[in-house]
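Colleague:
Rendered as C-alpha cells:
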C-alpha cells in the first residue's frame, strides 16, 4: 500500500519543463514534443520537428507525434484516460486539449493541474478548468534504450552576436572609446580630491590655476571622445540596420512556399518591424553593457584602493540586484514571448481584414471580424499591461539601489571623516567614482529587462532566419536524364542561351503536404512537348492545382522528379527558369506603381514593345492606352482601380511579358466572359508556348491537344477532347454533370 502511494506521488509531482513556443497554431504538436524531449535533455529545432511530425496545413495527428518521438529513441504510447485516471500517467506527458490543441501536463496537486502550453507558456489550472478542455487523449513519452541527449536550448546572446557580423570593427571602436572614457572619470575624481584636500583645506592656492587647467583638459578630452564615439555609433547603427533588414528580406524571398502556406501574411510582415528593436538592442544596451562590465571592474579596483569597506557595500548591493532579477527572469521571458506572438496575431488579423474588406462588407461580417480582432487585441493588451507594471518596478530598482548606496556611503563616509579615517576630498572623490561604478550597473539591469522583453521578438525573427531555404531543403531522388540524341549529357537545355524549349516531364512524381500521411499525388507521369497544350481536369481536391504548383517549383516532390528540357530544375540557372516558365493563378497581387512596373516587376531589361505585345495578347491593351500615360498609368494597391476581369488580363499580360516557353494557367481565365476567354486563349496559342491548363470551365480545355482526367491524385483518363467524349468515361460524365449543373 505504501509503495503504491510513493509511486503515485512520483508520477504526479510537478516536473518543470522548458518553454518552447509554437509559431503557428498548426505547430502545437511539434512544440509539445519539443518540450517533453527538452525536459529529458534532447533539444531539437522546431523546424526539424515540424518535418518529423508531418505538420501540414491541417496540423499534426497524435499518431504522427508518437511516430516522431519513437524516431528519437523515445518510448511513446497513446492512451484514452478518464479524468479520474489521468494521474496514473507519468508526467510530463502530452494532452490533447479542446480537440484542437496539444499541451504538456507537468504535474498535479489536490487543487491544481500544472501545464506547459506551447501557445501561452506555463499555467496553473484548476481541476474544473482542466476538465473542461480535457479530451481523454494522452501521449505518454519517456526515454527508451536508444534515446540520446543532445542539443542545447537556444540562447539569446549567441543569436544576437550572429547579427553583428560586418559591424564588429565599429562595435570594437565604440567599446574602446567607452573604455578610454574611464580615464577622464578617474582623473576628475583625483583632481577633485586635490582641490578639496590641498587647495581649499590646506590653502595651496598657487595650485589652483594648473588644477583648473587640468580639469579643463580632462573635460575637453571627454567631450571629444564622446563626440567621436557618437559619430561611429550612429554609423554603426545605420549599417547594422541596413544589413539586417536586407538579410531578413532576402531570406523571406528564399523561403519555400510551404513556409508561407502555414503562416499568416500579416504575422510575417509584422516580423520585419522587429528588426529595428533588435538593432537598437545590439547597438545600444548590449554594447553599453559590454563596456560597462569592464568599466565596473576598473572603477571597482580604483574604489577598493580608496576604501575597501565602502566599496564592498556597493558591490554587495549590486550582486543582490542581479540575483533578484535572475530569480524573476524566467517567468517574465515566457510572458514576453507570448506577448510578442499575440501582437503578431493582432497585426495578422488587421492586415487580413483590410485585404478582404470588400468580402467583409458584402457579407456584413464587420461585427464578426471586429470580435475576432478585439479578442486578440484584448489578450495582448492585458498581458502587456500586466507586464509593464512589473517592468516599472524592475526599472526603478537601479535608481533605488543607487540612492540607497549613495546614502549609506555618505553616512559611513561622514563618520570616517569625523573620526579622521578619511579626508573630505577622498569622500567626495569616492562618491564621484561610485556614481561611475553604479552607472554601468543600471545599464546591465536595464539590459536584463530589455532582453526579457525582446526574447519573443528574437524567437519570431529566428523562425524566419533559421528556416531552411528552398536550396537547402533535401531534393527527391530521381533518375538522371537519359542520354539520347535529343538529350545528350551536355547541358543543351534551351532553344537559346536564356530560354528553355518548353518541354516538361513529370517522372513518377509523388507528393503530399504531410510526409506521414498518404500522398495527394501518387506516381504521376506526364510529358508535355514543346508547344503542346495539356489540360488537367477533375473534381475539387483531386490534385490539379498541386500539380501546377509542382510544375512552377512552388512545391517539391517527395519522390520522383520534374525535368525541364530534360534537366532537373536545380541544374538550370535561375534566370533561364525566370525567362522560360510563367504561372497565372486566381490570386492576383498588384503593387502601387505604374502598369509597366507591375508587368515587368521592375526588370529594366524587358523592352516596352514586349509589354505592348503582352497587353495586346491579354486583351487589355485598349484599356491601358485609354488611360492617361498608358503603360505609365498608376495602379492602386491590389489593383483596386481595375475591375476583376481587367486585373486578370493584366495578370495574364504579366506572365506573357517575358515570352515564356512554358505557361502554367490555374483558373487563369475564370473572371473573363466566354468571348474574351476565347480571344485570349487564341492569342496564347499563336505564341507557340507549351501550356499546362487547369480549369473547372471545361469549354476552356476544348482546344487542348491532350486532356488528363485526375482522380484522387492519379491519372484516370488521358486523351483529346473528342476521344474522351466518345469514350463515354469519367471525362464524359464530368462534362455531362457540368452541363446539367
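Residue numbers (the working numbering): 686 to 1426.
Every residue gets a Cβ at the ideal spot worked out from N, C-alpha and C, and that includes glycine.
(1) Whole angstroms is fine: what's the gap from residue 1288's alpha carbon to residue 1282's?
(2) What first and last residue would you give for the beta strand (DSSP E) that runs through residue 1220?
(3) At what residues does the beta strand (DSSP E) containing residue 1189 begin and finish?
(4) Please report the residue range of the alpha helix (DSSP H) in which residue 1293 lies.
(5) Mapping the DSSP letters down to three states, classify residue 812 as helix, strand or coil.
(6) With contact counted as at least three CB pairs below 8 Å, one residue from each stretch, are the region 851-869 and the region 1091-1111 in contact?
(7) Within its chain, find whatever has a CB closer than 6 Å to the CB of residue 1033; leave out the 5 residues flanking it on each side and keep chain order.
(8) Could you tell me whether the region 1341-1354 touches the region 1260-1278, where touching means 3 or more Cβ pairs closer than 8 Å?
(9) Between residue 1045 and the rest of its own chain, which residues show a CB-CB distance below 7 Å, the 5 nearest in sequence each way excluded?
(10) Taking the beta carbon of residue 974 as the centre, do at least 16 other beta carbons fall within 10 Å, making it buried, or is it exposed?
(11) Can the beta-carbon of residue 847 be found less than 8 Å from the beta-carbon of residue 984?
(12) Using CA coordinates, which residue listed in 1386, 1212 and 1002 is at the minimum distance from residue 1091?
(13) Considering only residues of the region 978-1003, which uninterrupted beta strand (DSSP E) runs meet the minimum length of 3 residues and lie entirely inside it, listed in chain order?
(14) Have a look at residue 1418 and residue 1402 and give me their C-alpha separation to the nearest angstrom.
(15) Considering only the beta carbon of each residue, do residue 1142 and residue 962 sit closer than 8 Å?
(16) Leaving aside the five residues before and after residue 1415 along the sequence, list all residues of the same chain whose C-beta is less than 6 Å from its C-beta, in chain order.
(17) Cα separation between residue 965 and residue 776?
(18) What is the DSSP secondary structure of residue 1273, reduced to helix, strand or coil?
(19) Have a look at residue 902 and residue 895 and give me their C-alpha separation to the nearest angstrom.
(20) By DSSP's criteria, residue 760 is part of a beta bridge. Which residues make up the other side?
(21) Give me whichever residues DSSP pairs with residue 782 in a beta bridge.
(22) State buried or exposed for residue 922, treating a residue as buried only when at least 16 other CB atoms are found within 10 Å of its CB.
(23) Specify, as a first and last residue, the run of the beta strand (DSSP E) that residue 945 falls within.
(24) Assign residue 1326 to one of three DSSP states: helix, strand, or coil.
(25) Assuming residue 838 and residue 1148 form a contact by the criterion Cβ under 8 Å, report the distance between their Cβ atoms to the nearest whole angstrom.
(26) Suppose you measure from the CA of residue 798 to the CA of residue 968; what does that come to, to the nearest Å?
(27) Identify whether residue 1402 lies in helix, strand or coil by the three-state DSSP scheme.
(28) Tell me, please, which residues DSSP counts as bridged to residue 799.
(29) Beta-carbon separation of residue 1365 and residue 1304 under 8 Å?
(30) For the alpha helix (DSSP H) that residue 928 lies in, which residues bound it at each end?
(31) Alpha carbons only, please: which of 1110, 812 and 821 is nearest the one belonging to residue 887?
(32) Could you tell me whether the region 930-937 touches the region 809-821, using the rule of 3 or more Cβ pairs below 8 Å?
(33) Give me the Cβ distance between residue 1342 and residue 1294, rounded to the nearest whole Å; I'm assuming they're in contact under 8 Å.
(34) Under a Cβ-count criterion, where at least 16 other Cβ atoms within 10 Å of its own Cβ denotes burial, should residue 880 be classed as buried or exposed?
(35) Residue 1207 by DSSP, collapsed to three states: which one?
Modeller: According to the data block:
(1) 8 Å
(2) 1218-1222
(3) 1189-1196
(4) 1293-1302
(5) helix
(6) no
(7) 949, 951 and 952
(8) yes
(9) 1038, 1051 and 1054
(10) buried
(11) no
(12) 1002
(13) none
(14) 12 Å
(15) yes
(16) 1394, 1401 and 1402
(17) 41 Å
(18) coil
(19) 10 Å
(20) 827
(21) 786 and 819
(22) buried
(23) Note, residue 945: premise wrong, no beta strand (DSSP E); alpha helix (DSSP H) at 942-946.
(24) coil
(25) With 8 Å as the limit, residue 838 and residue 1148 do not qualify as a contact, their Cβ atoms being about 16 Å apart.
(26) 43 Å
(27) strand
(28) 792 and 809
(29) yes
(30) 893-939
(31) 1110
(32) no
(33) Contact doesn't hold; Cβ gap of about 10 Å is too wide.
(34) buried
(35) strand
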